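*Asks:*
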Amino acid sequence: MHRRYNLAHLILAGAVVLVLTLMVCADAQAQIAFVSHREGNPQIYVMDINGGNPQNLSNNHHNDWQPSWSPDGKQIVFVSNRDGHFLGNIPAYEIYVMDADGKNQLNLTNNLGDDRSPSWSPDGKRITFVSERVDRDERPHRDIYVMDANGKNQQRLTNNPKHDDWQPSWSPDGKQIVFHSNREGNYDIYVMDADGGNQQRLTNNPHSDVSPAWFVPTFAVTPTGKP
Numbered sequence: 158m159h160r161r162y163n164l165a166h167l168i169l170a171g172a173v174v175l176v177l178t179l180m181v182c183a184d185a186q187a188q189i190a191f192v193s194h195r196e197g198n199p200q201i202y203v204m205d206i207n208g209g210n211p212q213n214l215s216n217n218h219h220n221d222w223q224p225s226w227s228p229d230g231k232q233i234v235f236v237s238n239r240d241g242h243f244l245g246n247i248p249a250y251e252i253y254v255m256d257a258d259g260k261n262q263l264n265l266t267n268n269l270g271d272d273r274s275p276s277w278s279p280d281g282k283r284i285t286f287v288s289e290r291v292d293r294d295e296r297p298h299r300d301i302y303v304m305d306a307n308g309k310n311q312q313r314l315t316n317n318p319k320h321d322d323w324q325p326s327w328s329p330d331g332k333q334i335v336f337h338s339n340r341e342g343n344y345d346i347y348v349m350d351a352d353g354g355n356q357q358r359l360t361n362n363p364h365s366d367v368s369p370a371w372f373v374p375t376f377a378v379t380p381t382g383k384p
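Numbering (the numbering used here), first residue to last: 158 to 384.
#1: Whose CA, out of H218, T315 and P297, lies closest to the CA of D350?
#2: Residues in its own chain within less than 8 Å of V138 by CB, not counting five upstream and five downstream?
#3: With a threshold of 16 other CB atoms inside 10 Å of the CB of D352, please say whether the residue is buried or exposed.
#4: If you reduce the DSSP assignment to three classes, tell me which class L359 lands in.
#5: Are the segment 324–343 and the segment 304–311 in contact at 8 Å, needing three or more beta carbon pairs?
#6: Locate the beta strand (DSSP E) running through P224, then write down its first and last residues.
#7: Provide the residue(s) that pair with L263 in DSSP beta bridges, ordered along the chain.
#8: Within 10 Å of its beta-carbon, does Q386 have 16 or more other beta-carbons around it, so buried, or fewer, so exposed?
#9: Starting from the C-beta of Q357, find all residues in its chain whose C-beta is less than 6 Å away, skip the five residues before and the five after it, and write them out in chain order.
#10: Assuming P275 is part of the beta strand (DSSP E), what are its boundary residues?
#11: By alpha-carbon positions, which one of G270, K260, Q333 and N246 ends up nearest to I252?
#12: Relative to the C-alpha of K309, which candidate in P329, D229, N264 and V367 has its C-alpha closest?
#13: Can you check which of these residues, S237, S227 and I233, is closest to H219 by C-alpha distance?
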């Protein structure tokens, strides 16, 4: 049995978000996934909750970022530039997934754009992400996409040429996605249905509001295993 602990603090005016995600298994210690440059380039690591037993999971000479646990704790999705793609003269990233022990690293997206900010749906069946792709006669812009957890059935949820949509975050019931967008000038917080419908603006002020995060109710674990 796995329990997910999520501590999320959102300060819109200051555009500051702190999100700490741990995976706790009934038969194992809690673990924290993080990015470290200790071997020269950013790699995905896990460590025990007390800071012990750090392990390099992605373990390659390219850059790996943005780890996110699957709801069941069995996989970690992340971004990597190991494919060598470029968007202009800037290295482009793709979405990858691996087992929680670093095995079976698979590329889920494979396009000439730049894919980032992967986020699992609460049921673990889908992953939302941000992709910067060049449409004909348009400048590169970032839209929010969703795909099955195996990379299939990629669908674009937002379509705002000349503007950027960023950092999608699922609602706890998986029915909505919150994100930030500069489609009205400066960055504001928006929400939409999980299929891209009913896009609504939630904040409206002259300053930038970014990096929204849904609050996910959590549970404490007692020695008896009961909340």
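Yeah, the Cβ is synthetic: ideal placement off N, Cα and C, and Gly gets one too. Since we're looking at a predicted model, the values are computed, not measured.
*Replies:* Result, derived from the coordinates:
#1: The residue you call residue 350 lines up with position 193 of the sequence shown. It is T315 whose Cα lies nearest to the Cα of D350.
#2: The structure shown does not extend to residue 138, since the chain spans only 158 to 384, so no value can be given for it.
#3: Position 195 of the sequence shown, counting from 1, holds the residue named residue 352. Result: exposed.
#4: Counted from its first residue, the sequence shown places residue 359 at position 202. L359: coil per DSSP, three-state reduction.
#5: no
#6: For this step, residue 224 is matched to residue 67 along the sequence shown. Here the beta strand (DSSP E) through P224 covers D221 to W226.
#7: The residue you call residue 263 lines up with position 106 of the sequence shown. Beta-bridge pairing links L263 to V254.
#8: In the structure displayed, the chain extends from 158 to 384; residue 386 sits before or after that span and is not available.
#9: Stepping through the sequence shown from its first residue, residue 357 is reached at position 200. Around Q357: V348.
#10: Residue 275 sits at position 118 when you count from the first residue of the sequence shown. Element bounds for P275: D271 to W277.
#11: What you label residue 252 is simply residue 95 of the sequence shown in a count that begins at 1. The shortest C-alpha separation from I252 is found at G270.
#12: The residue given as residue 309 occupies position 152 in the sequence shown. Nearest option by C-alpha distance: N264.
#13: For the purposes of this step, residue 219 is taken as residue 62 along the sequence shown, with counting starting at 1. Nearest C-alpha to H219: S237.
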